Structure formats: structure tokens, C-alpha cells
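Counting in numbering that gives the first Met the number 0, the sequence shown runs from 0 upward without gaps.
Cβ atoms here follow ideal geometry from the backbone N, Cα and C, with glycine treated the same way.
Just so it is clear, the structure is predicted and the values come from calculations on it, not from any experiment.
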Amino acid sequence: MQTHHSHCDRRHARSCSAPDTAPMRFSLDATDGRARAATIDLPHGTLTTPVFMPVGTQGTVKAMTNALLEDIGAQIVLGNTYHLYLRPGADIIARAGGLHRFSAWQRPFLTDSGGYQVYSLAKLRTLNDSGVSFQSHVDGSMVEFTPEKVVAFQELLGVDIMMQLDECPPTTADRDQITAAVQRSLLWAARSREAWRRDECALFGIVQGGLHADLRAQSAAGLIALDLPGYALGGFSVGEDMQQSYPAIAAAAALLPPDRPRYLMGIGFPEDIVRAAGFGLDMFDCVLPTRCARNGLCFYSGGRLRIKNACYRDDMSPIDPQCTCYACRTVSRAYLRHLFLANEITACVLMTIHNLHYYLELCRGMRAAIMAGRFREFHDGFLASPAGRAHGAAEAAGGPACAQARRKT
Ligand SMILES: [Zn+2]
0 MQTHHSHCDR
10 RHARSCSAPD
20 TAPMRFSLDA
30 TDGRARAATI
40 DLPHGTLTTP
50 VFMPVGTQGT
60 VKAMTNALLE
70 DIGAQIVLGN
80 TYHLYLRPGA
90 DIIARAGGLH
100 RFSAWQRPFL
110 TDSGGYQVYS
120 LAKLRTLNDS
130 GVSFQSHVDG
140 SMVEFTPEKV
150 VAFQELLGVD
160 IMMQLDECPP
170 TTADRDQITA
180 AVQRSLLWAA
190 RSREAWRRDE
200 CALFGIVQGG
210 LHADLRAQSA
220 AGLIALDLPG
230 YALGGFSVGE
240 DMQQSYPAIA
250 AAAALLPPDR
260 PRYLMGIGFP
270 EDIVRAAGFG
280 LDMFDCVLPT
290 RCARNGLCFY
300 SGGRLRIKNA
310 CYRDDMSPID
320 PQCTCYACRT
330 VSRAYLRHLF
340 LANEITACVL
350 MTIHNLHYYL
360 ELCRGMRAAI
370 MAGRFREFHD
380 GFLASPAGRA
390 HGAAEAAGGP
400 ACAQARRKT
């Protein structure tokens, strides 16, 4: 009851004054096996977990407005330091008064540090213990990221949760390379902590180590010694390895302190999220629901639905008869197929609403199950359902664009 009252107070306070500046507060509401239902109080609102965070790389979730996000119950949006730093840049966002005012998104923001993007998008020039220099993919200019600079930029954005700069080699990199990345990321975590000034921007550390249990343990221990507000598992978002990754994710999750949020970065398909919640992870993000929507692929209780397929030409039923989202309440598969084939933007909007709603509803279902002590039943039931078994089929149905969507942008 105490928690409930404090939520009401906070909501009231937000409606008539600036967001509070209290540091993040984490409380466990229930556990069921290793699965957890938690409450995370942040300056711009409260998260209830397990929580899916729609990806809004450029400070907007593609094809969505803030009102649409609120309507489907999005609790937090994920932005990206690399992209926002390069464009529009710190001066513009500072002049607007931070990322919340600039974007008019009132609920919490988490920003990734940009480490992943530096390695995947930019032309890397130098990488050493001091930081990383790269050529901007936007205008070709040379940019340097250091752990300190990345923390300062995220504090300027005023986000609720900021990620440390890390080095993320692919899971398939050789052991020496992953060992070096673990050590450098730890060094950078310590420097990030040192540079951290604003208590209300919670700093999360990122556990690296690929699929090597000993390196993951070394990384987690080093980060835990820094006593950070939250911890993330990075470097797992390589699609082909999921079956191999599950045991490594489970083992890494077990290393993290029970009284802090645990964030699994960049994963994944609905079944991946259900499995990971079963390992005790709390927070998830992935471009899959938004990117697949723009490619005409919908996640639904029947598995995956490729809207351009000829069988939907005269199908007057909604994407998912069980879904309560705006798209399913109002339009048919036939109409969506028509919009999609006619290259109408509205097709992307409606299918994005549906896919994000599906992911959020999945998390709400997991939370209810954990609170009721029947998560195992939910987990097994979901994985045995057409939606949970669609994994392999999805790659085929989704085509290259969707297989690629597992990677974060
Ligand atoms: Zn729907």
C-alpha cells in the first residue's frame, strides 16, 4: 500500500510541477522462480516490470507519436547517444532544455551510450583505453567519445537512465578480443561513475564477455564493485546464436544483485523475452516490433503475419482477433494489405501500433503471471503456442530485413 500511495503522490506532483529529482528507486513486488515483477521509480514516471522499451533512436519511435505511445501504455522510450550527439547535437538539445522538452515525451527516457553504434555504423579510427575516435556517418566529421563525455552528454539530455560507454565486440569475436573488451569496458565503467554528477540520471553498467562464463563473471564482479544503480547484459544480440545464448544469458543474470534492475540489451523476439524474463531479467528493448511493422510483418497470437501475402487480399478480420489495439479494433487485414502495397505511411503507423502493443501486452501478461505465482504456466504455455513456436518460421516469413532487425540501430 505504501508503494501505491507514493505512486499517486508522484503522479499528482508531475501534473503540476517539474519532474522530481529523486534518484531511481527499485523495489521487488513479487518473484516467481527466477522471474521478477518490480517497480522502478524514475524522475519522469514509474516502470512496472517486466518492461519492454520501444526503441526511439533519434528521439522518436518510428511511425509513432507520443500520444500513440501513451495510448498503448509505453512506460519508457529508448534513445541513442551516438545518433543524438551527431544529429541534432548537444547545443540544440541543450537550448531546448533537454531531451524531454525537445521531444515532448513526458515519460522516462533511457539512452544507450552509443558504444554499439560506434562499432557497427561509424568508420572507426582509433580505439584505446582513453576512448574511441570515429568518423560520423552523418557528415564525415571526426568525433571522439570518452566515458566522461558520454556521461556528460546523457546528463545534458536529462534522461532517467544512462548507459556507460562500452566496447562491444561481436559474440563471435575471438577470446582475446572479448577479454580486452571486458577489461576496457570495466575501466570505462569506473571512469563513467567518477564523471557522474546528476543523481537523478541513473547510471547503468554493461556486462560484456560474449559466451565465456568466466569473462562474464569477471565483468559482472567488476561492475558490482562500483555499486551502480542498475546493470545490463550487452553483446547478446546476434540472432543465429540464441539457442546457444540462452544458457549464457541465464548464467549472467544470476550473477547480478537482486536489488537492482537487470536490463537485457537489444533482444529480441517475443519468445526470447519470455525466456529471458524467466531468467530474472527485468528490462528489454529491440527494434524488431517497429522495424518488422515497417516491413509488413506483424507479431500476433497465431505467430507471424506477413501482410502482403495474397491470402489477406479479401480477409476482413483484424490482424489479431484477440488484440485490443487501435489497429485491430478498427481495420482489417485486407485494408492493411492494400495500404502496404500502395506504400501508404499509414500502413506503417497501424502495424507499428499493433506490434508494440503486442510486446507491451506480453510484458503485462508476464507481470500478472508473476504476481499471481503462475509464471511457469505462462512461460510454458507461451512457448508451446503458435506465437512462441514461430521463431524459425519468422526468419523465413520475415525475410532478410527482419532477420537483420535483431541488430540494434
Ligand atoms: Zn492489434
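Would C347 be called buried (16 or more neighbouring beta carbons within 10 Å of its own) or exposed? Position 348 of the sequence shown, counted from the first residue, corresponds to residue 347. Buried, because 16 or more other Cβ atoms sit within 10 Å of the Cβ of C347.
Measuring alpha carbon to alpha carbon, tell me which residue in G32, Q243, A252, R100 is nearest V158. Working through the sequence shown from its first residue, we reach residue 158 at position 159. If we check each option's Cα against that of V158, R100 comes out closest.
Does any heavy atom of ligand 1 sit closer than 7 Å to the C-beta of I318? Along the sequence shown, one-based indexing puts residue 318 at 319. Yes, Cβ of I318 sits closer than 7 Å to a heavy atom of ligand 1.
What is the C-beta distance between S316 and R328, in whole angstroms, given that I count them as a contact (C-beta under 8 Å)? Translated into positions along the sequence shown, residue 316 becomes position 317. Translated into positions along the sequence shown, residue 328 becomes position 329. Contact doesn't hold; Cβ gap of about 12 Å is too wide.
Could you spell out where the alpha helix (DSSP H) holding N354 opens and where it closes? Position 355 of the sequence shown holds residue 354. Where N354 is concerned, the enclosing alpha helix (DSSP H) stretches over 344-370.
Along the chain, where does the alpha helix (DSSP H) containing S102 start, and where does it finish? Start at 1 with the first residue of the sequence shown, and residue 102 comes out as number 103. Per DSSP, S102 belongs to the alpha helix (DSSP H) from 98-102.
Buried or exposed: where does T110 fall if 16 or more other Cβ atoms within 10 Å of its Cβ makes it buried? As a first step, residue 110 must be located in the sequence shown, where it is residue number 111. The residue is buried, with at least 16 neighbouring Cβ atoms inside 10 Å.
CB Y245 to CB C167, shorter than 8 Å? Taking the sequence shown and counting its residues from 1, one reaches residue 245 at position 246. Taking the sequence shown and counting its residues from 1, one reaches residue 167 at position 168. No; because the gap between Cβ atoms is not below 8 Å, this pair is not in contact.
Take V206 as the anchor and find which of I92, S191, S132, I223 has the nearest alpha-carbon. In the sequence shown, counting from the first residue as 1, residue 206 sits at position 207. Checking every option, the nearest Cα to that of V206 belongs to I223.
Rounded to whole angstroms, what's the CA-CA distance from A252 to Y334? Just pull it up for me. Working through the sequence shown from its first residue, we reach residue 252 at position 253. Working through the sequence shown from its first residue, we reach residue 334 at position 335. Rounded to whole angstroms, A252 to Y334 spans 43 Å at the Cα level.
Less than 6 Å between C-beta atoms, sequence neighbours within five positions excluded: which residues of the same chain meet that for K61? Taking the sequence shown and counting its residues from 1, one reaches residue 61 at position 62. Here the set comprises T289.
Measure the C-alpha to C-alpha separation of G96 and D319 and round it to an integer number of angstroms. As a working mapping, residue 96 is identified with position 97 in the sequence shown. As a working mapping, residue 319 is identified with position 320 in the sequence shown. Their Cα atoms are separated by approximately 41 Å.
Across the stretch 55-71 and the stretch 79-92, are there enough close Cβ pairs to call them in contact, namely three or more that are closer than 8 Å? yes
Reducing DSSP to helix, strand and coil, say where D128 ends up. What you label residue 128 is simply residue 129 of the sequence shown in a count that begins at 1. In this structure, D128 counts as coil in the three-state DSSP scheme.
What is the DSSP secondary structure of T45, counted as helix, strand or coil? One-based indexing of the sequence shown puts residue 45 at position 46. Correct three-state label for T45: strand.
Tell me the rounded alpha-carbon separation between E143 and K122. Working through the sequence shown from its first residue, we reach residue 143 at position 144. Working through the sequence shown from its first residue, we reach residue 122 at position 123. About 12 Å.
On the DSSP letters alone, give me the boundaries of the beta strand (DSSP E) that M162 sits inside. Against the sequence shown, residue 162 aligns to sequence position 163. Looking at the DSSP string, the run of the beta strand (DSSP E) that includes M162 is 160-162.
Run the CB neighbour count on E343, radius 10 Å, all protein chains shown included, and call it buried at 16 or more, exposed below. Residue mapping note: residue 343 aligns to position 344 of the sequence shown, counting from 1. Looking at its Cβ environment, which holds fewer than 16 other Cβ atoms inside 10 Å, E343 is exposed.
Straight-line gap, V117 to D313 (C-alpha atoms, nearest Å): Here residue 117 corresponds to residue number 118 of the sequence shown, with the count starting at 1. Here residue 313 corresponds to residue number 314 of the sequence shown, with the count starting at 1. The straight-line gap from Cα to Cα measures roughly 46 Å.
Top-ranked residue by Cα proximity to T345, from L359, K307, R293: Position 346 of the sequence shown holds residue 345. The shortest C-alpha separation from T345 is found at R293.
Near S413, which residues of its chain fall below 6 Å by C-beta distance, leaving aside the five closest residues on each side in sequence? Residue 413 falls outside the range modelled here, since the chain spans only 0 to 408, and no answer is possible.
Neighbour-count burial assignment, R190, 16 or more Cβ in a 10 Å radius: By 1-based counting over the sequence shown, the position of residue 190 is 191. Burial call: buried.
Pair every Cβ in the stretch 151-165 with every Cβ in the stretch 134-142, then say whether three or more of these pairs are closer than 8 Å. no
Look at the alpha carbon of P146 and the alpha carbon of A188, and state the distance between them as a whole number of angstroms. As a first step, residue 146 is located in the sequence shown; it is residue number 147 there, counting from the start. As a first step, residue 188 is located in the sequence shown; it is residue number 189 there, counting from the start. C-alpha separation (whole angstroms): 7 Å.
Which residue from Y81, P107, L156 puts its Cα closest to that of S119? Translated into positions along the sequence shown, residue 119 becomes position 120. The shortest Cα separation from S119 among Y81, P107, L156 belongs to Y81.
Buried or exposed for S112, going by 16 or more other Cβ atoms inside 10 Å? On the sequence shown, position 113 is the one that residue 112 refers to. Its Cβ being crowded by 16 or more others within 10 Å, S112 is buried.
Closest to V76 by C-alpha separation, out of L361, F377, H43, would be which residue? On the sequence shown, position 77 is the one that residue 76 refers to. Minimum Cα distance to V76 is reached at H43.
Figure out for me which residue from A172, G277, E270 has the closest Cα to the Cα of C285. Stepping through the sequence shown from its first residue, residue 285 is reached at position 286. The candidate whose alpha carbon is nearest that of C285 is E270.
I want to check one thing, is the minimum distance from the CB of A333 to the heavy atoms of ligand 1 below 7 Å? Start at 1 with the first residue of the sequence shown, and residue 333 comes out as number 334. Every heavy atom of ligand 1 is 7 Å or more from the Cβ of A333, so no.
With DSSP run on the structure shown, which of helix, strand or coil describes I266? Locating residue 266 in the sequence shown gives position 267, counting from the first residue. I266: coil per DSSP, three-state reduction.
C-alpha distance - A389 paired with D70, whole-angstrom precision: What you label residue 389 is simply residue 390 of the sequence shown in a count that begins at 1. What you label residue 70 is simply residue 71 of the sequence shown in a count that begins at 1. Near 28 Å, if we compare the C-alpha coordinates of D70 and A389.
Presumed contact (8 Å Cβ cut-off) between F203 and L164, rounded CB distance: What you label residue 203 is simply residue 204 of the sequence shown in a count that begins at 1. What you label residue 164 is simply residue 165 of the sequence shown in a count that begins at 1. Incorrect: roughly 12 Å between the Cβ atoms, too far for contact.
Between which two residues does the alpha helix (DSSP H) holding Y230 run? Working through the sequence shown from its first residue, we reach residue 230 at position 231. Element bounds for Y230: not the alpha helix (DSSP H) but the beta strand (DSSP E), 229-232.
Host alpha helix (DSSP H) of R196 (start-end): Taking the first residue of the sequence shown as position 1, residue 196 is located at position 197. Here R196 belongs to no alpha helix (DSSP H), and DSSP marks it neither H nor E.
With P49 and F283 assumed to form a contact (beta carbons below 8 Å), what rounded beta-carbon distance in angstroms separates them? What you label residue 49 is simply residue 50 of the sequence shown in a count that begins at 1. What you label residue 283 is simply residue 284 of the sequence shown in a count that begins at 1. With a Cβ gap of about 7 Å, P49 and F283 count as contacting.
Does the separation of the CB atoms of T45 and I39 fall below 8 Å? Along the sequence shown, read from residue 1 onward, the residue named residue 45 stands at position 46. Along the sequence shown, read from residue 1 onward, the residue named residue 39 stands at position 40. Going by C-beta atoms, T45 is nearer than 8 Å to I39.
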